[in-house]
Every structure is written in structure tokens, then in C-alpha cells.
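There are 2 protein chains.
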Amino acid sequence: MQRSIATVSLSGTLPEKLEAIAAAGFDGVEIFENDLLYYDGSPREIRQMCADLGIVITLFQPFRDFEGCRRDRLARNLDRAEHKFDLMQELGTDLVLVCSNASADSTGEHSILRDDLTLLAERAGRRSLRIGYEALAWGRHVNTWQQVWNLVREIDHPSLGVLLDSFHTLSLKGDPTAIADIPGDKIFFVQMADAPLLAMDVLEWSRHFRCFPGQGEFDLAGFLAPIIKSGYTGPLSLEVFNDGFRAAPTRANAADGFRSLLYLEEKTRERLEQAATSVDILFETPVASEYDGIEFLEFAVDESLGAKLSQWLQRLGFVNAGQHRSKNVSLLRQGDINLILNCEPYSFAHNFFEAHGPSLCATAIRVKDSTKALERAVAYKGQPYRGLVGPNELELAAVRAPDGSLIYLVDDRDGLYDTDFYLQSEASGEGGLLRIDHMAMALPADSLDSWVLFYKSLLDFEADDEVVLPDPYGLVKSRALRSRCSSIRLPLNISENRNTAISHALSSYRGSGVHHIAFDCADIFAQVSRAKEAGVPLLDIPLNYYDDLAARFDFDDQFLSELAYYNVLYDRDAQGGELFHVYTEPFEGRFFFEIIQRKNGYSGYGAANVAVRLAAMAKSRSGAVRQAKL
Amino acid sequence: MQRSIATVSLSGTLPEKLEAIAAAGFDGVEIFENDLLYYDGSPREIRQMCADLGIVITLFQPFRDFEGCRRDRLARNLDRAEHKFDLMQELGTDLVLVCSNASADSTGEHSILRDDLTLLAERAGRRSLRIGYEALAWGRHVNTWQQVWNLVREIDHPSLGVLLDSFHTLSLKGDPTAIADIPGDKIFFVQMADAPLLAMDVLEWSRHFRCFPGQGEFDLAGFLAPIIKSGYTGPLSLEVFNDGFRAAPTRANAADGFRSLLYLEEKTRERLEQAATSVDILFETPVASEYDGIEFLEFAVDESLGAKLSQWLQRLGFVNAGQHRSKNVSLLRQGDINLILNCEPYSFAHNFFEAHGPSLCATAIRVKDSTKALERAVAYKGQPYRGLVGPNELELAAVRAPDGSLIYLVDDRDGLYDTDFYLQSEASGEGGLLRIDHMAMALPADSLDSWVLFYKSLLDFEADDEVVLPDPYGLVKSRALRSRCSSIRLPLNISENRNTAISHALSSYRGSGVHHIAFDCADIFAQVSRAKEAGVPLLDIPLNYYDDLAARFDFDDQFLSELAYYNVLYDRDAQGGELFHVYTEPFEGRFFFEIIQRKNGYSGYGAANVAVRLAAMAKSRSGAVRQAKL
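From first to last, the protein sequence lines stand for chains A and B.
The UniProt record's numbering numbers the first residue of the first sequence as 1 and each following residue consecutively.
The UniProt record's numbering numbers the first residue of the second sequence as 1 and each following residue consecutively.
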């Protein structure tokens with residue numbers, strides 16, 4: 001499809017926007033009128049700039065409050081339209097978005113709407129221009145695509161067509177199915193925006209909270225599918241009003257917009273293939289791989305921090321299982337968990353360490369077919385990575401995560417470790433930890449949408465709903481990603497406030513970074529008892545928390561004191577699933593570990609207990625600060 | 001009244017909150033359960049901490065989803081209540097907030113609600129505890145104070161009373177008038193929160209957007225007045241859920257909370273005095289002074305920047321009217337405008353310059369009685385200022401603004417300048433600028449509410465509604481303060497995004513600072529023509545803007561080209577009021593000047609033109625950056 005985006009979706013000056021739009025791969029651009037008004041150059045110059053960049057102007061917008069206006073204003077409004085038609089011809093675009101009248105003094109009388117739109121279509125037609133008529137969700141009298149189509153059909157003028165916007169239909173819970181019955185050539189333009197489901201005034205929602213397809217909660221494939229069925233072959237354009245986007249880095253955000261259209265096309269293709277409709281017009285991606293958990297995690301450290309982290313992990317029951325044949329890299333193992341500590345100078349990990357301090361620099365995930373997985377990632381504009389590979393070393397497919405760390409795609413474990421490492425075969429690591437349950441990331445507040453889209457598109461992950469949690473110094477928002485099989489889980493955490501645990505992690509990382517890693521076990525009390533004995537620094541949980549558990553659940557006193565003694569937190573879901581978990585203190589004030597036991601299919605992350613953990617961490621942090629000051 | 005605040009209204013750990021609450025002057029505190037759960041100390045220790053700080057625990061909250069619960073849960077809920085009663089006795093408070101049941105499976109059957117609440121009241125009574133029953137706006141069956149009072153009246157138990165929360169009533173547009181008919185001793189507690197009027201889900205609105213009285217748009221005096229009439233003499237407590245407050249500096253925010261209660265009491269007193277009700281219980285403030293515009297503005301500069309700014313101002317038609325008798329301070333004058341440039345070392349201005357660079361360090365406003373005005377400011381916990389005063393120098397009453405700059409209160413102009421300055425009597429400054437129309441400030445995003453409350457309470461200013469405007473690199477929010485006579489106008493601007501004009505000003509000031517100063521004139525074209533000739537750097541406005549004016553208004557071409565030639569922006573309000581205005585480029589990348597002409601009672605600030613100004617400034621800024629790089 002022809003892929004387009006409205007200038008209002010991006011931040012910056014008009015030239016900055018146009019350059020970013022072209023660089024991201026879009027074919028066209030909607031010129032939002034204000035961007036033109038504020039630009040210090042003529043419409044002809046804008047036209048030339050677009051031509052030089054290789055993008056077409058798909059649309060000029062908006063023209064407001066026209067049809068059904070107060071009768072004494074009609075002549076003036078037609079003059080206004082002619083004025084804008086002049087402008088369009090200078091811009092070199094033939095299509096204008098006319099949105100339904102939202103003013104209080106407009107009329108909804110059908111014959112007047114019909115006559116006004118006919119007049120406008122005739123005037124446009126005389127100049128070979130076209131009108132795309134759109135129903136605003138808050139239009140005074142016209143607010144559904146059905147009303148628009150009825151008028152367009154009745155007037156039946158070649159210069160008047162339907163303009164569809166996913167937001168205006170889906171925000172009002174409208175049904176797009178019958179769009180398939182509109183002749184495709186009567187649909188002049190399609191605008192796409194996603195949005196989180198918010199219970200608020202639709203105008204406010206529309207103006208501030210739209211987002212790119214895949215970042216919100218609308219069923220956009222369900223909206224686009226009937227449009228494709230109609231035979232529509234025009235542009236698919238992003239029109240996103242979002243407060244964050246107005247300040248986001250222009251190029252990176254334009255690239256996300258382009259990726260979101262590809263993702264939407266893939267999801268729509270899936271929907272239509274089930275319905276046996278021709279889908280040649282839509283982007284075709286290699287199908288996503290199947291996953292089977294995390295193969296290994298690699299930490300960037302230096303020698304001294306590497307030794308320290310190794311000691312921490314050994315207290316948690318990990319054993320030294322191998323040393324790299326040629327590099328200063330070691331392997332720690334326990335159960336199904338492989339952790340690599342990389343202190344090698346002149347390596348990717350070292351560069352990462354230099355930039356971010358001790359941190360997670362790579363995540364290896366098990367895929368069924370790494371070639372196809374990489375193909376898919378690259379098709380979605382992911383950046384493949386090939387590192388320095390020494391003799392005997394295995395070459396792994398990898399793609400860069402949004403923070404520059406690596407995601408290895410591993411489909412063959414044969415020789416995965418023994419090619420590179422001298423393995424100590426007797427080292428079994430039977431400390432009781434079984435596998436990596438989840439790995440949480442701390443992200444800059446404005447990058448969450450971008451990460452969600454990255455994992456949804458390149459890796460076909462799913463995203464849970466957002467959860468908002470109180471830290472003593474602000475709010476923390478969390479959104480968990482997971483592979484469809486749930487074998488890989490990745491909660492993403494952000495905070496807009498400066499002093500929260502998340503923001504502290506971010507400032508130490510100078511960017512995003514791993515926040516904590518949770519290991520699964522089969523017997524939480526045995527596991528924690530062992531960790532306690534080994535000297536693992538566990539996070540102290542206030543007794544008042546257990547007092548409240550006593551009020552909420554029917555626990556006997558002995559069980560409660562055991563929970564309290566071991567600092568184990570507890571949660572129960574509506575289906576009777578249970579979670580037991582403990583946290584360690586943070587390693588070097590950055591990431592920490594969690595030991596976790598799930599029972600009866602508990603699938604969350606203990607959100608009910610996050611506030612008490614954040615408060616305990618704030619206390620421990622201020623204790624650490626006090627100590628550091630002494 | 002006894003003044004109280006809920007711990008949930010502030011950021012920080014429980015001890016940080018309690019210390020800030022005591023320091024702000026509150027008499028009591030509501031302990032929000034989560035703050036207790038997350039605190040690593042027993043309820044008895046909290047009780048002791050409050051006692052040491054001299055505050056009482058006015059309430060423990062909340063106890064949820066009790067009355068009308070599923071019948072199989074009633075026994076368990078009563079156990080839960082007894083558990084919390086134990087806790088309250090350890091805390092040393094006798095009152096618990098029970099909020100109306102919001103769960104989907106609760107019943108609204110009157111007899112069941114009555115019986116459940118009777119049971120709870122009896123259990124509380126046996127332990128000399130009391131239940132304050134509150135209607136949540138989103139309560140499943142009980143959501144008005146009238147329903148609560150009906151139940152309380154019918155049950156008629158000494159341990160059961162009404163708990164009122166302004167948000168829950170006013171968010172649903174409830175009428176508080178008849179609260180006056182409840183016997184005062186049946187109202188156990190009153191919670192106050194203000195909020196902006198938002199069209200959104202009431203639960204979300206309540207949990208994230210409440211604010212302190214005077215910062216929002218509720219008629220809180222109208223809510224409190226009938227409560228006072230009822231004879232209620234208990235605590236007045238702030239319960240504010242606000243995302244920003246969760247991260248705000250604890251002590252400063254607690255101080256704002258206290259100030260907001262005083263302000264509310266004053267406004268309620270005014271309301272009640274009209275109604276001839278006894279109001280002894282409410283805070284009594286000296287009435288606000290009358291105002292008569294801005295007397296002078298004082299800039300903190302050094303010698304070289306002072307000379308430069310003086311040159312700028314002279315181009316704008318100001319004349320050097322005087323030199324300070326003992327200090328390196330000069331006076332520039334034009335029309336009714338007095339500007340002081342202060343380069344004196346070892347002065348308040350110099351310290352201000354060291355901290356903020358070239359900036360506005362003082363604003364003198366004309367008041368009727370400076371002694372009373374200062375008394376009022378001090379009663380509202382304003383910080384009075386007395387500076388170094390040399391021989392012959394006039395002493396002026398002053399109070400510190402939230403950013404540390406000074407607000408002089410001037411009631412006597414006799415000798416105001418000739419005591420301190422060698423005046424050049426012939427210097428008349430007839431350049432055409434008449435007076436200071438308004439002075440806009442750039443503020444850190446999270447300080448807007450605090451500034452609004454400062455001006456409303458200390459100076460009795462009014463605040464206009466918030467306006468949101470697009471800068472090319474993010475959104476800018478503006479809220480204008482004005483004296484009741486409108487002779488002093490002060491738009492406050494914030495931006496949450498890093499690259500907007502506002503944020504650039506803030507980072508150059510390292511804090512808040514003046515953003516622009518607008519001067520009134522009688523003939524915009526003559527004025528701008530004179531400025532152009534004198535070499536004032538005016539901000540270039542794109543021609544596309546004037547093209548759009550042509551489409552919107554019925555201007556003849558000559559008038560339009562005149563507007564465009566002089567870079568004059570135009571706005572017209574619904575009543576036919578007209579605004580003509582031009583902007584200068586910023587002085588040292590910080591503040592700029594505006595020349596303005598209002599016609600036919602135009603009372604706004606040209607919001608319709610702010611976006612084009614912001615875009616032009618962004619362009620000029622990036623031009624300046626390019627130049628600096630060359």
C-alpha cells in the first residue's frame with residue numbers, strides 16, 4: 001500500500017518532519033494546515049521539498065465547520081474553500097479533508113448538508129480537486145462513517161468521497177464491517193490511529209492520547225480488513241495526535257510510525273487470509289518463530305564487578321560452569337539458567353559497560369528457526385548484528401534492541417557453550433532455581449510505546465495492559481510483554497518522576513537497563529532459607545505488611561510468621577492462583593534478583609506487592625545514601 | 001478549625017510526610033493505610049512519632065467494600081474490621097473512614113445496608129471507636145451524601161456519623177446546600193479536595209487529578225459553607241490524590257496544602273458573612289488591597305548586559321531617566337512604565353544575577369495600603385523581605401515570590417524615585433508605549449499549581465482557565481493570573497517537554513523566570529514602524545499566516561500587506577474585541593518584549609497566535625544555534 005503520515009504526528013519544524021518521514025520509508029505525507037502556516041516558505045517551496053525527498057503530498061487538512069453552517073456564513077465559507085483550493089494547487093495535492101461540522105450553531109437538516117456538500121464538490125471538481133468527507137466522533141450532526149457514506153452515495157459526485165479515520169469509528173465503538181460494501185473507489189483516504197481505551201471525553205482523548213497502530217488497544221486489523229475488502233487501493237495514513245509525540249525525537253518516531261503500518265498490514269493480512277480475500281496489497285512478513293524461553297543472559301562488567309556479581313550469583317546457588325576459551329568471559333549455571341559475565345576488553349560488552357556501567361548487554365532467546373526469525377526482524381527494519389567472532393566461536397544471529405543491547409536468536413544449542421567455553425562438566429548447579437521466570441526493564445518514560453511496538457512487530461510478542469503503581473516518590477507504570485507461549489516474559493517499567501526506583505536505575509544506566517531478573521523455584525521457603533544462609537542480602541519487608549495479610553487472608557499464625565521471617569510476599573488472583581516471592585537488595589544500586597514460586601497457574605507479577613517493595617527499596621536506598629555520606 | 005491532611009496527599013516515606021505536615025502547621029493527619037503497611041515500624045511507633053511532632057491522628061482510612069457485601073463474606077469482613085480496630089487503638093485514633101461499597105457483587109438493599117452498618121457501629125462502639133461513613137462517587141449503590149445521611153439518621157448510633165468529601169459530591173455536580181440541616185455533631189469528618197473540571201471517568205479523575213483548594217475549579221466555599229452552618233466543629237482535612245503531588249517536594253507541598261486551607265476558610269468566611277452566620281471558627285485574613293498596575297520592574301544584570309539591555313530599551317523608546325544616588329542602578333522610563341536595571345554588586349539583585357543570569361528580580365505593584373497588603377501576605381505564610389537600605393533610600397514593603405524574586409508593595413509614590421535617584425526631569429520618554437499590559441513567566445512544569453495558589457491567597461488574584469498551545473517541540477500550558485481590577489496581568493507558562501521555548505528559557509534561568517513583557521500602545525503601526533526604524537529586532541512571521549488571515553477575515557489586501565510588512569499578528573474575539581501585537585526576538589535567548597494594542601475590550605492574550613510565535617521562535621533559535629556553531 002501507499003504509506004503516509006500526517007505532519008501533526010511528529011515533532012519539529014516542517015522541514016525536520018518531512019526529512020524524517022522520507023527517511024523512515026513513507027511514500028507520502030498529509031500536510032496539516034498549521035504546519036504550513038508556521039512555515040517560513042511558500043507552498044510551492046514545500047511542494048518542491050517533498051519532490052526532492054521523494055514523497056508525495058497525499059492530503060491537505062483540515063477544512064472545518066462547513067456543511068450545515070449558519071446560512072449567512074455559507075458564501076464566506078465557500079470563499080474560504082476557494083482560498084484553500086488555491087493553496088492546494090500550489091502544494092500540488094488534489095485531496096482535502098473536510099471534517100463534519102462540530103459547531104453548536106450548525107444544522108443537521110439532511111437537504112442542507114446534501115446541498116452544501118454538492119456545492120463544495122462542484123467547486124472542487126471544476127478545479128480537478130477532490131473532497132474527502134470525514135465524520136468526526138464529536139461532529140454535531142454527522143459522526144459516523146455510515147452518515148458520511150449515505151451523503152456521498154446520494155450526492156454521487158466524482159469529486160466527493162468517503163474519508164475514514166479509525167479513531168473516530170472505534171472510539172465510539174462503531175462497527176466497521178459494512179465498510180466492505182462501499183465501492184473501493186468511493187473511499188478517498190484512510191487514516192489510522194490506535195489509542196489506549198480511556199474513559200474520557202472523546203475530543204480530549206482524540207487530541208492527546210492517540211498512538212501508532214500496535215501501541216494502543218483498538219482492533220485496527222478489524223477496521224482495515226473491510227476497507228481492503230471494499231477494493232480500496234489508496235494511501236494508508238497515520239494521523240496521530242499525541243502529547244508525547246509532539247516532543248519525541250522526530251526521526252526515531254517517524255521510523256516507529258512506519259513500522260506500525262507494516263505491523264498493522266501483517267495483522268490485517270492474517271485476518272483476511274482466514275477470510276480468503278486477496279491481500280497482495282498488504283506487507284508480507286516472514287511468520288514469527290516459536291519460542292522456548294531464555295537461553296542465556298549476558299552481563300557487561302569489568303573484572304572487579306564481574307567477580308562481585310559472580311559471588312552474588314554463587315550465593316544464589318549458581319556454579320562456575322565454564323571459562324571462555326579465548327576471552328575473559330565466564331559462564332554460571334543453575335537448573336535451566338545460563339548467565340554469562342563478560343569482562344573482555346575491546347568487545348561489544350566492554351563498549352556497553354563503558355556506556356552504561358554494569359548492565360545486561362545481551363539476551364539470548366530460543367527460537368525454532370533463527371534464519372527466519374532474523375529475516376522477520378530485518379523486514380521490520382530491525383538492525384541485525386554481527387560481532388567479532390574468534391576461531392572456534394559460534395556465530396549467532398542477533399538483532400539490536402531499542403537500547404542498543406543485543407537479542408540473540410538461538411535455534412541450535414549443540415556446541416553453543418562447548419565451542420566457546422572450557423566446560424566443567426561436573427558443575428551441575430543444583431541450587432534449586434529452575435529457570436528465568438521474567439526479566440524486567442527500566443525504560444525512559446517516553447520510550448515505552450516504542451519498545452512495545454518493537455517486540456510486537458519484530459518478535460510477535462503480546463503486551464499486557466498497563467498497570468500503575470505507587471513508589472513513595474512518584475508513580476511507576478508497568479506493561480508486560482510476553483511471547484505467545486509465555487515462555488519469555490518481559491515487564492517494562494517507566495516513571496515520569498525523578499526520584500522513583502525506576503528513575504534511579506535509569507540515571508545510573510544513563511539510559512534504559514535491566515531492572516530485575518526473576519528466577520523460578522519449586523519450594524520458596526527452602527530456596528529462601530538457603531539464600532539467607534548463604535548471605536544473600538534480602539529486601540526487608542515491614543511487619544505491618546504481614547499484619548494486613550492476616551486481615552485479608554485466612555492464614556494461621558505459624559504460616560504468617562514464616563512468611564514474615566523469610567520476607568516472602570504473597571498474592572492470590574481471582575482464580576485461586578498463588579504467588580510467593582522475595583527480592584534481593586540491588587546489586588551496585590542497579591538491578592536486583594527475585595525468587596519466585598507460582599502455584600495454580602498464577603500468571604501475573606505480584607502487582608499488589610510492588611508498592612511495598614518500592615517503599616522498602618526507597619528506604620534501603622536512603623539508608624545506602626546515609627551510609628555513603630558517613 | 002482543626003486543620004488536617006491525609007498522608008496520601010504528599011510524597012515520601014511516612015516519617016518524611018509526618019515531619020512536613022507538622023512543619024507546615026497542620027494540627028492533624030489522616031493515616032492512609034498503605035503508608036502504614038509500607039512503614040518499617042509498629043503502629044505504636046507511628047503514634048509516638050506524631051505525638052513528638054505535636055500532631056494528632058485524626059483518622060485511619062480506608063475500610064472498603066463492607067456494607068451490602070456478599071452474605072457469605074460478612075463474617076470475614078467483620079473479622080477484618082476488628083483487625084483494623086486493633087490497629088486503630090494502637091495508633092491512638094478513634095475514627096475510621098468506611099467508604100461505600102464499590103464492588104459489583106454488592107447489594108443496595110436498604111435493610112441489608114442498614115443492618116450491616118448497625119453491626120459495624122455496635123462493634124466500634126464497644127471499643128469506643130467511631131465510623132465515618134462516606135459515599136464514593138463511584139459507590140455501587142451509595143454515592144451521595146444524602147444516602148449516607150439517611151442511613152446514619154435511621155441507624156442513629158452514637159458511633160456512626162457522616163463523612164463528607166468535597167470531591168465525591170462536586171464531581172457528580174451534587175448540591176451541598178442541605179448539608180446545613182444535618183446536626184453538626186453527626187458529621188464526623190470533612191475532607192477537602194479541589195480539581196480541574198475534566199470530562200473523564202470519575203474514578204480516574206479522583207485518583208489522579210485532585211488538587212488543593214484554590215488550585216482547581218470546584219466551588220469549595222459553597223461546599224464548606226453549609227458544613228459550617230450545620231454546626232460542625234471537627235477537622236477540615238485535605239485528601240488529595242494527584243500524580244504530581246506524589247513526586248513533589250514534601251515540605252513545600254505540605255506548606256501549600258496548609259495555605260490552601262487558609263484560603264478556603266477565607267473564601268468560606270466571605271460567603272457566610274453575606275449570610276450573617278457565625279464564622280469565628282474560620283481563619284481571618286486582612287482583606288486584600290486594591291491594585292493599580294505595575295509601578296516598576298527591576299532587572300538583575302551586570303554592567304555589560306545592563307548596557308546592552310538599556311540599548312534595547314532605548315530603541316523601544318525608553319529614555320534614561322535617572323541614576324541611583326549611591327548604587328550602580330539606573331532607571332528607564334516611558335509613558336507609565338518604569339524599568340530599573342540593577343548592576344550593583346553585593347546586592348539582592350546581584351545575588352539573583354549570579355544564580356539566574358540576566359533576569360527580572362523584582363516587580364513592584366501599586367497597592368492602596370502596603371502595610372495591610374504585607375500583613376495579608378504574612379498571614380498567608382508569605383516571606384517578607386527587608387533588603388539593605390542605604391542613607392536616603394526609601395524602604396519598601398516586599399514579599400518573596402515562589403522563585404525567590406521580590407514583589408514590592410508600593411502605596412506611596414512620593415519620593416519613590418527622587419529619594420534614590422538623580423532624576424533627569426526633562427526625560428519624558430514619549431515613545432508611544434503607555435503601560436505594562438502583562439508580564440508572562442516561564443515556570444517549571446510542576447510548580448504551576450503552587451504559583452497560582454500563591455497569587456490567589458497572598459494577593460487575592462484570580463486565575464483564568466488553562467490554555468494548551470503547541471510549540472514545534474511539545475505542548476505549552478498557560479494559565480493567566482490577574483488582579484480583580486485587571487490592572488495587573490500575569491500569564492504563567494509551563495511545558496513538560498524539554499525542547500520547547502519555555503523549557504529553553506527555564507534551563508537558561510536555572511529555575512523560573514520572566515518570559516516576556518508586553519507594553520500597551522495606542523497605535524500599533526506607528527509604534528512598530530518606529531521600533532523597526534530604531535533597529536528593534538522583531539520576530540519574523542511567515543507569510544502563510546497572513547494568507548490564512550485573508551481566508552478567515554474580510555480584510556482588504558492593503559491592510560493585510562501592512563500587517564505582514566510589520567509582522568503584526570491579529571486576533572478577534574467573539575464579542576468583536578480585537579488584538580494587534582508584535583514580538584521582539586529574545587534578549588540573550590531569554591525574555592522578549594511584546595507591543596500590543598487592544599481594541600473594543602479584547603481581554604485575552606492572543607492565544608490563537610501563540611503557536612505561530614512559538615514556531616517562529618523555534619526557527620530563530622535554531623538559526624541562532626547554527627550561527628553560534630559557525
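Here a beta-carbon is modelled for each residue, glycine too, at the ideal position from N, C-alpha and C.
Next item on the list: Just mark leucine 406/A as buried or exposed, buried being the case when its beta carbon has 16 or more other beta carbons within 10 Å.
Entry: Leucine 406/A should be labelled buried.
Next item on the list: Buried or exposed for serine 507/B, please, with buried defined as at least 16 other CB atoms from any protein chain shown within 10 angstroms of its CB.
Entry: With a threshold of 16 other beta carbon atoms within 10 Å, serine 507/B falls short and is exposed.
Check: What residues from the region 55–88 of chain A come within 8 Å of chain B, judged by C-beta to C-beta, listed N to C?
Finding: Look at the region 55–88 of chain A: the residues with a C-beta under 8 Å from a C-beta of chain B are Arg76, Asp79, Arg80, His83, Lys84 and Leu87.
Notebook entry, point to check: Taking any Cβ of chain B, which residues in the region 535–557 of chain A have a Cβ under 8 Å from it, in chain order?
Noted result: Closer than 8 Å at the C-beta level to chain B, one finds these residues of the region 535–557 of chain A: Asp540, Pro542, Leu543, Asn544, Tyr545, Asp547, Asp548, Ala550, Ala551, Arg552 and Asp554.
Note to self: Under 8 Å, Cβ to Cβ, is there at least one residue of chain A near lysine 13/B?
What the structure shows: With the sequence shown as reference, residue 13/B is identified as threonine, and lysine is not the correct amino acid for it. By this cut-off, threonine 13/B is an interface position.
Item checked: Buried versus exposed call for aspartate 554/B [16 or more other C-beta atoms within 10 Å across all chains shown] -> Exposed, since its Cβ has fewer than 16 Cβ neighbours within 10 Å.
Next item on the list: Please check the pair alanine 349/B and glutamate 298/B, which I expect to be a contact at CB under 8 Å, by giving their CB distance rounded to whole angstroms.
Entry: With a beta-carbon spacing of about 7 Å, alanine 349/B and glutamate 298/B fall inside the 8 Å limit used to define contacts.
Next item on the list: Assuming leucine 549/A contacts asparagine 609/A (C-beta within less than 8 Å), just tell me the rounded distance between them.
Entry: Not a contact, Cβ separation roughly 10 Å.
Note to self: Using a Cβ-Cβ cutoff of 9 Å, what residues of the region 465–496 of chain B are near chain A? List them in chain order.
What the structure shows: Legend: CB atoms of the region 465–496 of chain B lying less than 9 Å from CB atoms of chain A belong to residues Val468, Pro470, Asp471, Pro472, Tyr473, Gly474, Leu475, Ser495 and Glu496.
Item checked: Top-ranked residue by Cα proximity to arginine 127/B, from Pro196/B, Ala137/B, Arg489/B and Met88/B -> Out of Pro196/B, Ala137/B, Arg489/B and Met88/B, Met88/B has the C-alpha closest to the C-alpha of arginine 127/B.
Check: Under a CB-based cut-off of 8 Å, is tyrosine 570/B close to chain A?
Finding: Chain A, which has no Cβ nearer than 8 Å to the Cβ of tyrosine 570/B, makes this no.
Next item on the list: Using only alpha-carbon positions, find the residue among His581/A, Tyr473/A, His516/A and Ser486/A that is nearest to valine 528/A.
Entry: Answer by Cα proximity: His581/A.
Checklist line | chain B residues whose Cβ lies nearer than 9 Å to that of valine 612/A | finding: Within 9 Å Cβ-Cβ: Asn34, Leu37 and Tyr38.
Next item on the list: Kindly indicate which three-state DSSP category proline 249/A falls into: helix, strand or coil?
Entry: The DSSP-derived three-state label of proline 249/A is coil.
Checklist line | Partners in chain B for arginine 44/A, counting only beta-carbon separations shorter than 8 Å | finding: Chain B residues near arginine 44/A: none, gap ~11 Å exceeds 8 Å.
Next item on the list: Using alpha carbons as the reference points, say which of Pro286/B, Val612/B, Pro537/B and Gln424/B lies closest to glutamine 334/B.
Entry: Among Pro286/B, Val612/B, Pro537/B and Gln424/B, the Cα nearest to that of glutamine 334/B is on Gln424/B.
Notebook entry, point to check: Mind checking if arginine 498/B is an interface residue toward chain A, Cβ cutoff 8 Å exclusive?
Noted result: Cβ-Cβ to chain A under 8 Å: yes for arginine 498/B.
Item checked: chain B contacts made by the region 217–247 of chain A, where a contact means CB separation under 7 Å -> For the region 217–247 of chain A, the set of positions with a beta-carbon nearer than 7 Å to some beta-carbon of chain B reads Asp243, Arg246 and Ala247 in chain order.
Next item on the list: Go through its chain and collect everything with a Cβ distance to tyrosine 263/A's Cβ below 8 Å, but skip five positions before and after it.
Entry: Cβ neighbours of tyrosine 263/A beyond the five flanking positions: Pro213, Gly214, Tyr380, Leu453, Lys456 and Ser457.
Checklist line | Backbone CA spacing between residue 715/B and phenylalanine 26/A [nearest angstrom] | finding: In the structure as shown, chain B starts at 1 and stops at 630, and residue 715/B therefore has no counterpart that could be examined.
Check: Excluding the five sequence neighbours on either side, which residues of its own chain have a C-beta within less than 8 Å of the C-beta of leucine 282/A, listed in chain order?
Finding: For leucine 282/A, the CB contacts under 8 Å within the same chain, skipping 5 residues up- and downstream, are Met1, Ile228, Glu265, Glu266, Thr268, Arg269 and Leu272 in chain order.
Checklist line | Boundaries (first-last residue) of the alpha helix (DSSP H) holding valine 452/A | finding: Where valine 452/A is concerned, the enclosing alpha helix (DSSP H) starts and stops at 448–458.
Notebook entry, point to check: By Cβ distance, which residues of its chain are closer than 7 Å to isoleucine 541/B, with the 5 residues on each side in sequence left out?
Noted result: Contacts found: Asn567, Leu569, Val612 and Ala616.
Notebook entry, point to check: Excluding sequence positions up to five away, which residues of its chain have a Cβ less than 7 Å from the Cβ of lysine 599/A?
Noted result: Result list for lysine 599/A: Gly577 and Glu578, in chain order.
Next item on the list: Show which residues of chain B have a CB atom less than 8 Å away from the CB atom of alanine 615/A.
Entry: Neighbours of alanine 615/A on chain B, chain order: Thr13, Tyr38 and Tyr39.
Checklist line | Given alanine 321/B as reference, the closest of Leu339/B, Lys308/B and Leu309/B once Cα atoms are compared | finding: The candidate whose alpha carbon is nearest that of alanine 321/B is Leu339/B.
Margin query: Measuring alpha carbon to alpha carbon, tell me which residue in Ala199/A, Val410/A and Tyr232/A is nearest lysine 186/A.
Written below: For the residues Ala199/A, Val410/A and Tyr232/A, the minimum Cα distance to lysine 186/A belongs to Tyr232/A.
Item checked: One or two residues paired with glutamate 265/B in a DSSP bridge -> Answer is none; glutamate 265/B lacks a bridge partner.
Next item on the list: Please confirm if alanine 442/A has its CB atom under 8 Å from at least one CB of chain B.
Entry: Answer no: the Cβ-Cβ gap between alanine 442/A and chain B never drops below 8 Å.
Check: Taking buried to mean at least 16 other C-beta atoms within 10 Å of its own C-beta, is glutamate 239/B buried or exposed?
Finding: Buried: at least 16 other Cβ atoms inside 10 Å.
Notebook entry, point to check: Is the shortest distance between the beta-carbon of leucine 630/B and the beta-carbons of chain A less than 8 Å?
Noted result: With a pLDDT of 43 at leucine 630/B, under the threshold of 50, the predicted position of this residue should be treated as unreliable, though the coordinate-derived value follows. Nearest CB-CB separation between leucine 630/B and chain A: not below the 8 Å threshold.
Note to self: I want to see whether chain A comes within less than 8 Å of lysine 619/B, judged by CB atoms only; does it?
What the structure shows: With 8 Å as the cut-off, lysine 619/B counts as an interface residue toward chain A.
Notebook entry, point to check: Looking at the C-beta of alanine 22/B, does it have a partner C-beta in chain A at a distance below 8 Å?
Noted result: Chain A, which has no Cβ nearer than 8 Å to the Cβ of alanine 22/B, makes this no.
Item checked: The beta strand (DSSP E) enclosing serine 4/A, as first and last residue numbers -> Per DSSP, the unbroken beta strand (DSSP E) holding serine 4/A starts and ends at 3–6.
Margin query: Measuring alpha carbon to alpha carbon, tell me which residue in Ser278/B, Ser486/B and Leu396/B is nearest serine 230/B.
Written below: That would be Ser278/B, whose Cα lies nearest to the Cα of serine 230/B.
Item checked: Cα-Cα separation, serine 486/A to serine 359/B -> Cα-Cα distance, rounded: 57 Å.
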